[in-house]
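Under the working numbering, read the sequence shown as residues 267 to 732, first letter to last.
Structure first, then comments.
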Amino acid sequence: MKLKLLNTSAGRITKVYAALLLGITLILCAVIMTVVGFRQFQVQRQQTRGIVGGLERSFIANRNDWYWWRLGSPMDTKKSFVRIKVQPSDKKTRYLYSPHAKRFVSQNQLSKTTVITKNVAYSNKLGLYYHASASDASASAQTPNVRYDVWTKLSGVTGLLWLLFRLIIFIVLGFLILGTWLIYLLARKLNQPLVALTKATKSINDDIYNQYQKQLPVPKTPQEVHDLSQGFNQLLQSLNARARADRQFVSNASHELKTPIATIRGHISLIRRRGEQHPEIIPTSLGFIDQESERMQRLVESLLKLSHANQLELSPEAVNLSQLIEDISQRYAAALPQQLITHVQRDVVAWVNFDSVEQIIINLLNNAHKYSASDTVIEIKLEAVGQEVTLSVIDEGNGIPADQKAHIFDRFYRGNNGQTAGGNGLGLSIVKQLVDVNHGTINVMDHSPQGTIFEVTLPRKVAGPE
Ligand code: ADP
């Protein structure tokens, strides 16, 4: 659950914000502490050097000088320590110490000291300190050699840095907690439309009876979610149309099958009831049964073709359509009462699936034959233009009324002439599907003065280096 929360957009934005804030603060902290620390260090160094300079200028060589110097000096004897080493040429070396300085020096000698720079050292007992020194070499035998040592504890600097560090951490923590919370709230608000979209999608999914019929709410902002919901609604609409068409198809198919089955069962029961007393009805009934079962067989075959075309895994190849049309016309010319003529450009090669294109031509030829008088002409034309191949089947038959043209590719649609011809209304929908899987187009037009033109375009295979 916790992991899920962190993986949401809001969680991720919050995580990035927290990491960013932490990173910036650490860098800022380092910069501030370096600058402030260095400035403080410079002040302390200046002070220490000032003390040494003051001592040098005063030239302290005995206890009296030292006493007077101390009276005028504002030096903080708890932080700065002075040792003056006086070495007269004839007498013993003497040391003068500021208050606490003696103890500082002895402790320093006893503790473990790490030298950091020439003047800065760290002692485990005294902490960080700065050391400056100067010496007055005697010019004559009367004046002694004097060396001044001044140490200043840098505890003020470290204390300030420590205080700064704690302050920064405190502020950062405050920002981190408050900022993270605010950012999380903001990110959640921004994600709200997406969450609502997900909920709506789930409820559509759960509603199994109304699947695809509902639409998702489309928020005005943010633009991305607005576009996503609109896209989703379009998808739902097309799924809905598809589902409706499928339902329609199943109901049409069962309706079409119901009629021949009812006729067959009717004649069987008629033979059972009356066959013995009136055997003369048997041949007529068997004739009907034969006719109806043949109709059923044709219907089932068409349905199978349709479902096959639907799932056809297209394996395109270079098909010489000129050759194919000549073959088909030779096969069918004798069987058709109409005159079949071809106007075929030579060696037109298309990039299509052979079986499906053969099926397209046969279906269109079959329709041209079905819906034309016997004394008319059926023409097949083939030409290649640019990247396309155009194949036309032209008849001089009844033609298709304008209002029916939009429906002839629908499954089970039969026009006026189709109903009288006893077709099942699946031929052209099979053709349409096969054209689609071959990445082609199909158009229907009137033929002048009478008849219909079916024009199919297919992708051309232009000869080139293999
Ligand atoms: P069927 O021919 O089995 O009825 P189709 O899907 O092949 O089904 O055709 C659908 C309808 O289109 C037909 O019922 C018919 O009205 C019309 N049609 C198809 N081809 C032609 C044509 N060449 N001439 C006139 N009408 C046609």
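Where a beta carbon is used, it is the ideal one built from N, C-alpha and C, also for glycine.
Q) At what residues does the beta strand (DSSP E) containing I646 begin and finish? A) In the sequence shown, the residue the question calls residue 646 occupies position 380. Under the DSSP assignment, I646 falls in the beta strand (DSSP E) whose first and last residues are 643–651.
Q: Report the three-state DSSP secondary structure of Y283 (helix, strand or coil).
A: As a first step, residue 283 must be located in the sequence shown, where it is residue number 17. Y283: helix per DSSP, three-state reduction.
Q) Counting pairs of beta carbons, one from the stretch 439–450 and one from the stretch 323–335, are three or more of them closer than 8 Å? A) No: the two stretches stay apart, fewer than three of their Cβ pairs being nearer than 8 Å.
(Q) Going by DSSP in three states, F431 sits in which element: helix, strand or coil? (A) Translated into positions along the sequence shown, residue 431 becomes position 165. In the structure shown, F431 adopts helical secondary structure according to DSSP, grouped into three states.
Q: State whether the stretch 668–683 contacts the stretch 642–652, with contact taken as three or more CB pairs (one from each stretch) at a distance under 8 Å.
A: With the cut-off at 8 Å, the stretch 668–683 and the stretch 642–652 do not touch.
Q) Fully enclosed by the stretch 384–423, which beta strand (DSSP E) runs are 3 residues long or longer? A) Those beta strand (DSSP E) runs which fall completely within the stretch 384–423 and span 3+ residues are 386–389, 393–402, 411–419.
Q: Could you spell out where the beta strand (DSSP E) holding L606 opens and where it closes?
A: Taking the first residue of the sequence shown as position 1, residue 606 is located at position 340. Run containing L606: 605–610, per the beta strand (DSSP E) assignment.
Q: Taking only heavy atoms of ligand 3 into account, decide whether any of them is closer than 6 Å to the Cβ of L606.
A: Ligands in the displayed structure: ligand 1; ligand 3 is not one of them.
(Q) So the candidates are G553, L587, G717, L569; which of them puts its Cα closest to the Cα of A634? (A) In the sequence shown, residue 634 corresponds to position 368, counting from 1. Of the candidates G553, L587, G717, L569, the residue whose Cα lies closest to the Cα of A634 is G717.
Q.
Once DSSP output is grouped into helix, strand and coil, what is the label at E732?
A. Translated into positions along the sequence shown, residue 732 becomes position 466. Residue confidence for E732 is low, a pLDDT of 48 falling below 50, so the modelled location carries little weight; the figure read from the coordinates is stated next. Here E732 sits in coil by DSSP.
Q: May I have the straight-line CA-CA distance separating W428 from A453, to the nearest angstrom?
A: Here residue 428 refers to the residue found at position 162 when the sequence shown is read from its first residue. Here residue 453 refers to the residue found at position 187 when the sequence shown is read from its first residue. If I take the Cα positions, the gap works out to 36 Å.
Q. Does DSSP classify N330 as helix, strand or coil?
A. Against the sequence shown, residue 330 aligns to sequence position 64. Helix.
**Q.** For R311: DSSP bridge partner residues
**A.** Residue 311 sits at position 45 when you count from the first residue of the sequence shown. BP columns for R311 are empty, so no partner.
Q) Roughly how many angstroms separate the alpha carbons of L572 and Q589, rounded to a whole number? A) The count along the sequence shown starts at 1 and reaches residue 572 at position 306. The count along the sequence shown starts at 1 and reaches residue 589 at position 323. Between L572 and Q589, the C-alpha separation is close to 26 Å.
Q | V282 to Q489 span [Cα, whole Å] | A | As a first step, residue 282 must be located in the sequence shown, where it is residue number 16. As a first step, residue 489 must be located in the sequence shown, where it is residue number 223. When the Cα atoms are used, V282 and Q489 turn out to be separated by approximately 23 Å.
Q) Does DSSP put I350 in a helix, in a strand, or in coil? A) Within the sequence shown, the letter at position 84 stands for residue 350. Here I350 sits in strand by DSSP.
**Q.** heavy atom of ligand 1 below 6 Å from I646 C-beta
**A.** Numbered from 1 along the sequence shown, position 380 holds the residue referred to as residue 646. No, the Cβ of I646 stays beyond 6 Å of every heavy atom of ligand 1.
Q) Whose CA, out of V655, T487, S364, lies closest to the CA of P340? A) Taking the sequence shown and counting its residues from 1, one reaches residue 340 at position 74. Closest option to P340, Cα to Cα, is S364.
Q: Could you tell me if Q604 is buried or exposed, where buried requires 16 or more neighbouring beta carbons within 10 angstroms of its beta carbon?
A: Residue mapping note: residue 604 aligns to position 338 of the sequence shown, counting from 1. It is buried - the Cβ of Q604 has at least 16 other Cβ atoms within 10 Å.
Q) Sorted by chain position, which residues of the same chain lie with C-beta nearer than 8 Å to E732's C-beta, five sequence neighbours on each side aside? A) As a working note, residue 732 is residue 466 in the sequence shown. Only weak support exists for where E732 lies, its pLDDT of 48 falling under 50; the value from the coordinates is given anyway. Excluding residues up to 5 positions away in sequence, nothing lies with its Cβ nearer than 8 Å to the Cβ of E732 in the same chain.
(Q) Between which residues of its own chain and G663 is the CB-CB distance below 6 Å, once the five residues before and five after are set aside? (A) On the sequence shown, residue 663 is found 397 positions in, with the first residue counted as 1. Within the same chain, Y637, S638, G717 come within 6 Å of G663 by CB-CB distance, once the 5 residues on both sides are set aside.
(Q) In this structure, how does DSSP classify I626 when only helix, strand and coil are distinguished? (A) Within the sequence shown, residue 626 is the residue found at index 360, counting from 1. Look at I626 here: in three-state DSSP terms it is helix.
(Q) Once the 5 residues before and after L694 are set aside, which same chain residues still bring their CB inside 6 Å of it? (A) Sequence index remark: in the sequence shown, residue 694 carries index 428 (1-based). Hits under 6 Å: I674, F675.
Q.
Please tell me whether, using a cut-off of 6 Å, the distance from the CB of R680 to the nearest non-hydrogen atom of ligand 1 is below it.
A. For the purposes of this step, residue 680 is taken as residue 414 along the sequence shown, with counting starting at 1. Correct: R680 has its Cβ closer than 6 Å to ligand 1.
(Q) At a cut-off of 6 Å, would you count A668 as near ligand 1, judging by its Cβ distance to the nearest heavy atom? (A) Residue mapping note: residue 668 aligns to position 402 of the sequence shown, counting from 1. No.
Q | heavy atom of ligand 1 below 6 Å from S642 C-beta | A | In the sequence shown, counting from the first residue as 1, residue 642 sits at position 376. The residue you asked about is not Ser; residue 642 is Thr in the sequence shown. Because no heavy atom of ligand 1 lies under 6 Å away, the Cβ of T642 does not count as near it: no.
Q: For E583, write down the residues that DSSP places opposite it in a beta bridge.
A: Mapped onto the sequence shown, residue 583 falls at position 317. Answer by DSSP bridge pairing, in chain order: V618.
**Q.** Opening and closing residue of the beta strand (DSSP E) in which R677 lies
**A.** Indexing the sequence shown from 1 puts residue 677 at position 411. For R677, there is no enclosing beta strand (DSSP E), since its DSSP letter is neither H nor E.
(Q) Tell me which residue opens and which closes the alpha helix (DSSP H) that E542 is part of. (A) For the purposes of this step, residue 542 is taken as the residue at position 276 of the sequence shown. Judged by DSSP secondary structure, E542 falls outside any alpha helix (DSSP H); it is assigned neither H nor E.
Q) Roughly how many angstroms lie between the CA atoms of P582 and L700, to the nearest whole one? A) Position 316 of the sequence shown, counted from the start, is the residue given in the question as residue 582. Position 434 of the sequence shown, counted from the start, is the residue given in the question as residue 700. Rounded to the nearest angstrom, the two C-alpha atoms are 12 Å apart.
Q.
One question on the structure: do S346 and T418 come within less than 7 Å of each other, judged by their Cβ atoms?
A. Mapped onto the sequence shown, residue 346 falls at position 80. Mapped onto the sequence shown, residue 418 falls at position 152. Cβ atoms of S346 and T418: closer than 7 Å.
**Q.** Residue ranges of each alpha helix (DSSP H) within the stretch 683–713, 4 or longer
**A.** Runs found: 693–703.
Q | Continuous beta strand (DSSP E) stretch holding V381: start and end | A | Looking up residue 381 in the sequence shown gives position 115. That run of the beta strand (DSSP E) goes 379–381.
(Q) Can you tell me whether S658 is helix, strand or coil according to DSSP? (A) Taking the sequence shown and counting its residues from 1, the one referred to as residue 658 is at position 392. It is a strand residue.
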